[in-house]
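Engineer:
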Amino acid sequence: MNGEGMMKKSLKQMVRSGELAAGTFLVEFVTPGIGHILAGAGCDFAFLDMEHSGFSEETVKAGLRFLEAGGIPTLVRIPSREAHDVARIADIGAEGVMLPLVGSLEVARAAVAALKYPPLGRRGVALRIAHDNYRAAPAAEALATANERTVLILMIETAEGVEQAGAIAALEGVDALWVGHFDLSASLGIPGEFEHPRFREATRRICAAAKAHGKGLGRLVTGEPEARQAVADGFRLIAWGGDAWLLQEAVAAGVGVVKGMRVADGHDRAEEQHAAGRIPSPTSIPVSEKKEEVHRRQVTGAKLNEKWRVGAAHALYRETGDFYMLLERFPGALFDTNGYVFFATEDEYLNCPHLIRGARLNVRGGIASIPGYIRVKP
1 MNGEGMMKKS LKQMVRSGEL AAGTFLVEFV TPGIGHILAG AGCDFAFLDM EHSGFSEETV
61 KAGLRFLEAG GIPTLVRIPS REAHDVARIA DIGAEGVMLP LVGSLEVARA AVAALKYPPL
121 GRRGVALRIA HDNYRAAPAA EALATANERT VLILMIETAE GVEQAGAIAA LEGVDALWVG
181 HFDLSASLGI PGEFEHPRFR EATRRICAAA KAHGKGLGRL VTGEPEARQA VADGFRLIAW
241 GGDAWLLQEA VAAGVGVVKG MRVADGHDRA EEQHAAGRIP SPTSIPVSEK KEEVHRRQVT
301 GAKLNEKWRV GAAHALYRET GDFYMLLERF PGALFDTNGY VFFATEDEYL NCPHLIRGAR
361 LNVRGGIASI PGYIRVKP
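If you read the sequence shown in our numbering, its first letter stands for residue 1, the second for the next number, and so on.
1. Could you please give me the residues that DSSP links to Phe47 through a beta bridge?
2. Got a sec, what are the start and stop residues for the beta strand (DSSP E) Met98 sits in?
3. If you drop the 5 nearest sequence neighbours on each side, which residues of the same chain put their C-beta closer than 8 angstroms to that of Gln13?
4. Taking buried to mean at least 16 other C-beta atoms within 10 Å of its own C-beta, is Met50 buried or exposed?
5. Out of Ala69, Leu67, Glu57, which has the shortest C-alpha to C-alpha gap to Ile78?
6. With distances taken Cα to Cα, identify the nearest neighbour of Ala22 among Cys43, Arg198, Glu68.
7. Please state the DSSP three-state secondary structure of Gly54.
8. Assign Val221 to one of three DSSP states: helix, strand, or coil.
9. Please determine, among Gly256, Ser185, Asn147, the residue with the shortest C-alpha to C-alpha distance to Ala159.
10. Please name the residue in Leu120, Gly121, Glu148, Pro118 whose C-alpha comes closest to that of Asp132.
11. Please classify Lys215 as buried or exposed, where buried requires at least 16 other C-beta atoms within 10 Å of its C-beta.
12. To the nearest angstrom, how far is the alpha carbon of Ala169 from that of Gly40?
13. Give a yes or no on whether the C-beta atoms belonging to Gly96 and Leu11 are separated by under 7 angstroms.
14. Give the secondary structure of Gly180 by DSSP, where H, G and I count as helix, E and B as strand, and everything else as coil.
15. Quick one, are the C-beta atoms of Ala144 and Ala114 less than 7 angstroms apart?
16. Taking 7 angstroms as the threshold (C-beta atoms), are Leu75 and Phe29 in contact?
17. Measuring alpha carbon to alpha carbon, tell me which residue in Arg198, Leu217, Val102, Phe182 is nearest Gly192.
18. Are the beta-carbon atoms of Gly121 and Val112 separated by less than 7 angstroms?
19. Quick one: complete beta strand (DSSP E) runs, 3+ long, within the region 116-174?
20. Can you name the start and end residues of the beta strand (DSSP E) that Gly256 belongs to?
21. From this set, Arg123, Pro73, Leu99, Gly166, which residue's C-alpha is nearest Ile206's C-alpha?
22. Could you tell me the distance, in whole angstroms, from the CA atom of Leu26 to the CA atom of Thr203?
23. Looking at C-alpha atoms only, which residue of Glu195, Gly63, Gly218, Ser53 is the closest neighbour of Ala244?
24. Please report the straight-line C-alpha distance between Thr300 and Ile34, rounded to a whole angstrom.
25. Compare the beta carbon distance of Leu177 and Leu217 with 7 angstroms and say whether it is the shorter of the two.
26. Can you look up Ala239 in the DSSP assignment and give me helix, strand or coil?
27. For Lys116, count neighbouring C-beta atoms within 10 Å of its own C-beta (all shown protein chains included) and say buried if the count is 16 or more, exposed if not.
28. Could you check if Gly124 is buried or exposed, using at least 16 other CB atoms within 10 Å of its CB as the buried criterion?
29. To which residues of the same chain is Asp85 closer than 6 angstroms at the C-beta, ignoring the five residues directly before and after it?
30. To which residues of the same chain is Glu19 closer than 8 angstroms at the C-beta, ignoring the five residues directly before and after it?
31. By DSSP, does Gly40 sit in helix, in strand, or in coil?
32. Check this for me: beta carbons of Val221 and Ala232, under 7 angstroms apart or not?
33. To which residues of the same chain is Thr59 closer than 7 angstroms at the C-beta, ignoring the five residues directly before and after it?
34. Can you check DSSP and say which residues form a bridge with Gly216?
35. Is the distance from the Cβ of Phe55 to the Cβ of Pro73 below 7 angstroms?
Here is the structure:
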């Protein structure tokens, strides 16, 4: 779909400009308001997935209109590398078409041929349908416009794809490479180890191939450190998280706030769990004295344990939204806004129920602010 009047910048322009563009991944929710929701969030583009979502072509066709309404250019990942899937998604209006698991020059050439009209490719001609907004135009002009508008993005996510990245990036008609980080790490025999030297070297080679041939470069990230690394590597199309995960994390944070609140009658969950023997009784040190003590001591000797970063404590919090369970499983632990666990003294542990009451929690399960307290630093 065109939608040029509403869209600030087309997907083609984003890819060619080399400027940083941020969007998000849609794998669960394609609703009438999604375009305006993403526009309100400041998204430059959307990544609409068919490979893992179960979305039908009819759902995608409607979703593209919803996104167009908010002025959001959209790329669609199809579930195969078949020519008929490429052409069909383009016909229903996808501005960008992404193919998964591209590992050879032959597959890349076939994708170009399937997406582009003659003379660049062999896509079957259908005009005045969804992809051209049902507008009448001379045939030669319509084909040229469609060829110029469509964006082909190929996912490099296997060891074979890394070896062929240079040849694939050099191919006319390929607009961008996209690193499928989980599949790539699995193909390299190091699933999920994104800091492993083999993964970092594979990423470097893909980035170098795209840069050498002036092609766009994209990937999905799930947090700020990962995003900073991606930008430093040369990625300019960055999809931040995914709809289902972002919703779950935001709801978990809010539910955690509610569960940590003291109720009007003075009866709260900490007291319930203390009565059940799950957590120790809070210290009797007054809040004002406790604040002075923490400030004076600076939690001398507190140690940072890296293994808890986005580790067991986070997994437990994301699963349960229950800070009191964290206290039980990780006695003596306090959580900062980056999700680190700091091991402090017995006094801090005993006062944890007080610390958590009224705390504002961030989406990763850390304490963002504690009314009346100084945040513990190592």
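Ideal Cβ placement from N, Cα and C applies to all residues, glycine included.
Structural biologist: Well, looking at it:
1. Counted from its first residue, the sequence shown places residue 47 at position 47. DSSP output for Phe47 lists Phe25, Leu75 as bridge partner(s).
2. Here the question's residue 98 lines up with position 98 in the sequence shown. Counting along the chain, the beta strand (DSSP E) containing Met98 begins and ends at 96-99.
3. Residue mapping note: residue 13 aligns to position 13 of the sequence shown, counting from 1. Here the set comprises nothing.
4. On the sequence shown, position 50 is the one that residue 50 refers to. By the neighbour-count rule (16 or more Cβ atoms within 10 Å), Met50 is buried.
5. For the purposes of this step, residue 78 is taken as residue 78 along the sequence shown, with counting starting at 1. Ranking the options by Cα distance to Ile78, first place goes to Glu57.
6. Numbered from its first residue, the sequence shown carries residue 22 at position 22. The residue with the shortest Cα to Cα distance from Ala22 is Cys43.
7. By 1-based counting over the sequence shown, the position of residue 54 is 54. Gly54 falls in the coil class under three-state DSSP.
8. Along the sequence shown, read from residue 1 onward, the residue named residue 221 stands at position 221. Strand, per DSSP.
9. Translated into the one-based positions of the sequence shown, residue 159 becomes position 159. That would be Ser185, whose Cα lies nearest to the Cα of Ala159.
10. As a working note, residue 132 is residue 132 in the sequence shown. With distances taken between Cα atoms, Asp132 lies closest to Glu148.
11. One-based indexing of the sequence shown puts residue 215 at position 215. Answer is buried; the Cβ neighbour count reaches 16.
12. The residue given as residue 169 occupies position 169 in the sequence shown. The residue given as residue 40 occupies position 40 in the sequence shown. One C-alpha to the other measures close to 34 angstroms.
13. Indexing the sequence shown from 1 puts residue 96 at position 96. Indexing the sequence shown from 1 puts residue 11 at position 11. The Cβ-Cβ distance between Gly96 and Leu11 falls below 7 angstroms.
14. For this step, residue 180 is matched to residue 180 along the sequence shown. In this structure, Gly180 counts as coil in the three-state DSSP scheme.
15. Translated into the one-based positions of the sequence shown, residue 144 becomes position 144. Translated into the one-based positions of the sequence shown, residue 114 becomes position 114. 7 angstroms or more divides the Cβ of Ala144 from the Cβ of Ala114.
16. Within the sequence shown, the letter at position 29 stands for residue 29. Within the sequence shown, the letter at position 75 stands for residue 75. Not a contact, by the Cβ cut-off of 7 angstroms.
17. For this step, residue 192 is matched to residue 192 along the sequence shown. The residue with the shortest Cα to Cα distance from Gly192 is Phe182.
18. If you number the sequence shown from 1, residue 121 lands on position 121. If you number the sequence shown from 1, residue 112 lands on position 112. Their beta carbons are under 7 angstroms apart, which means Gly121 touches Val112 by this criterion.
19. For the region 116-174, whole beta strand (DSSP E) runs of length 3 or above, ordered along the chain, are 151-156.
20. Position 256 of the sequence shown, counting from 1, holds the residue named residue 256. Taken as a continuous stretch (DSSP letters only), Gly256 belongs to no beta strand (DSSP E), being part of the alpha helix (DSSP H) at 243-259.
21. Position 206 of the sequence shown, counted from the first residue, corresponds to residue 206. Of Arg123, Pro73, Leu99, Gly166, the residue nearest in Cα terms is Gly166.
22. In the sequence shown, residue 26 corresponds to position 26, counting from 1. In the sequence shown, residue 203 corresponds to position 203, counting from 1. When rounded, the distance between both Cα atoms is 24 angstroms.
23. Along the sequence shown, one-based indexing puts residue 244 at 244. When C-alpha distances from Ala244 are compared across Glu195, Gly63, Gly218, Ser53, the shortest belongs to Ser53.
24. Walking along the sequence shown from the start, residue 300 turns up at place 300. Walking along the sequence shown from the start, residue 34 turns up at place 34. Any reading at Thr300 is ruled out, since the residue's pLDDT is 31, under 50, leaving its predicted position unreliable.
25. On the sequence shown, residue 177 is found 177 positions in, with the first residue counted as 1. On the sequence shown, residue 217 is found 217 positions in, with the first residue counted as 1. For Leu177 and Leu217, yes; Cβs fall inside 7 angstroms.
26. For the purposes of this step, residue 239 is taken as residue 239 along the sequence shown, with counting starting at 1. Strand, per DSSP.
27. On the sequence shown, position 116 is the one that residue 116 refers to. Lys116 comes out buried.
28. Within the sequence shown, residue 124 is the residue found at index 124, counting from 1. It counts as exposed.
29. Position 85 of the sequence shown, counted from the first residue, corresponds to residue 85. Only Ile78 meet the Cβ criterion.
30. Residue mapping note: residue 19 aligns to position 19 of the sequence shown, counting from 1. So the list reads Arg236, once near-sequence residues are dropped.
31. For this step, residue 40 is matched to residue 40 along the sequence shown. Here Gly40 sits in helix by DSSP.
32. Along the sequence shown, read from residue 1 onward, the residue named residue 221 stands at position 221. Along the sequence shown, read from residue 1 onward, the residue named residue 232 stands at position 232. No, the pair does not count as a contact, with Cβ atoms beyond the cut-off.
33. On the sequence shown, position 59 is the one that residue 59 refers to. Excluding sequence neighbours, Thr59 sits near Val30.
34. The residue you call residue 216 lines up with position 216 of the sequence shown. Paired residue(s): Ala176.
35. The residue you call residue 55 lines up with position 55 of the sequence shown. The residue you call residue 73 lines up with position 73 of the sequence shown. No, they are not a contact pair.
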